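One structure is given below, encoded as structure tokens.
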Amino acid sequence: MILERHFQINHMPHPLTVRQTLQQWLVPKKWQHELRIDRSILVNGRYLPYNNLVQNGDQIDLTLNTNINMQHYLPASDVNFKVVFENSDLLIVNKPAGIKTHPNRPDENGTLYNQLVTYLDTPPLMLHRLDMLTSGLIMIGKDPLVIPILERQLAQKTMQRNYVAVTSFERDMPLKGVIDAPIGPDLADKRKRKVTATGLAARTHYEVLQHNDKFALVKLTLETGRTHQIRVHLASQNMAIVGDPLYSNITADQMYLYAYQITYCLPFDWEFKTVEDQIPESFYKMTK
């Protein structure tokens, strides 16, 4: 597959070498090597050795010949997600609670991914997932050229995803802090995870935005990305999410966990963009 990109450098803090520029853009090392060997990165129309400086206003032309692993699944019969942001690189949608992000089998067609197949002209390139019961923002790549860059932003936590949850109000917990506790499998229930000394490191930043005597509205930011991390960490502090069927005894019409905001660095740039959707009014009403 031939991938091309033609653009002008903007927002560069100071002149950098070609190599430093590609590194700061988080272009994979393999692609950096291919661009150099094939002389397929042009600066103002000509190839420059990687130790040459580039600066704001320079025109960049990239051409890559690479293999991309495209997934192919069935289209859904209808689309019921909300598009929050879309451009030629990516799509950010609001996933409803109760549907899976991705199918497990080729014959499955009831997931968000299947709806994206129906919506997009090209195969969706999933960048991350949400639990089936969690609603909120998911980013999907459209241009294969930006996928490894955005994946590295996720891995390096350059990309930040913020959530809100309605939880039990725990008077003994500070209103703001970090839950730093390793998470591993719960051997008593294979569906669940738990805080355990033998688990993987996990850190969740939290802040209580408002509360009443019973419930709290909590903002959450992940520093790591373990399975069920927010749900497990909150439950471990007697702040289980309302409606969580695995970790809470408070039943509700839904699980009150919502991914409302994504901040990321624009590919091939230094500028950050924040995309968010309105927090559901029901989250506020429960905690007034």
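With the first letter of the sequence shown counted as 1, position 227 gets the number 227 in this note's numbering; the numbers rise by one all the way through.
Don't be surprised by glycine CBs; every beta carbon is placed ideally from N, CA and C.
Note that the structure is predicted; figures quoted are calculated from it, not measured.
Which of the three DSSP states is assigned to residue i in this structure?
i: Pro148; result: helix
i: Lys321; result: The requested residue 321 does not occur in the structure, where the chain is confined to residues 1 to 288.
i: Ser168; result: strand
i: Ala216; result: strand
i: Val242; result: coil
i: Ile37; result: helix
i: Arg193; result: strand
i: Gln55; result: coil
i: Ile230; result: helix
i: Gln237; result: coil
i: Thr21; result: helix
i: Gln8; result: strand
i: Leu154; result: helix
What does DSSP give as the partner residue(s) for residue i in the beta ladder?
i: Ile279; result: DSSP lists no partner for Ile279.
i: Asn65; result: Ile2
i: Asp180; result: Arg203
i: Met139; result: Ile92
i: Arg46; result: Val43
i: Tyr258; result: Ser135, Val164
i: Tyr264; result: Lys273
i: Phe81; result: BP columns for Phe81 are empty, so no partner.
i: Val208; result: Val218
i: Ile60; result: Phe7, Val43
i: Pro185; result: Arg193
i: Leu74; result: None, per the DSSP bridge assignment.
Report, in whole angstroms, the separation of the C-beta atoms of residue i and residue j, which I expect to be a contact under 8 Å.
i: Tyr119; j: Tyr258; result: Wrong, their Cβ atoms sit about 22 Å apart, outside the cutoff.
i: Met132; j: Ile99; result: 7 Å
i: Ser40; j: Leu62; result: 7 Å
i: Asn290; j: Pro96; result: Lying outside 1 to 288, the shown extent of the chain, residue 290 is not represented and no answer is given.
i: Glu207; j: Lys176; result: 5 Å
i: Ile179; j: Gln237; result: 6 Å
i: Tyr260; j: Glu276; result: 6 Å
For the 8 Å Cβ check, are there 3 or more pairs between the region 233 to 242 and the region 136 to 143? The region 233 to 242 makes no contact with the region 136 to 143; the number of CB pairs closer than 8 Å stays below 3.
With contact counted as at least three CB pairs below 8 Å, one residue from each stretch, are the region 15 to 25 and the region 36 to 53 in contact? With a cut-off of 8 Å, the region 36 to 53 and the region 15 to 25 count as touching, because enough Cβ pairs lie within range.
Check whether the region 190 to 201 and the region 148 to 167 are in contact - that is, three or more C-beta pairs closer than 8 Å. These segments do not touch.
Within the chosen definition, does the region 237 to 251 reach the region 154 to 162 through at least 3 CB pairs nearer than 8 Å? Counting Cβ pairs under 8 Å, fewer than three are found: no touch.
Give, in chain order, every unbroken run of the alpha helix (DSSP H) that is at least 4 residues long and sits entirely within the region 106 to 130. As far as the region 106 to 130 is concerned, its whole alpha helix (DSSP H) runs of at least 4 residues are 112 to 119.
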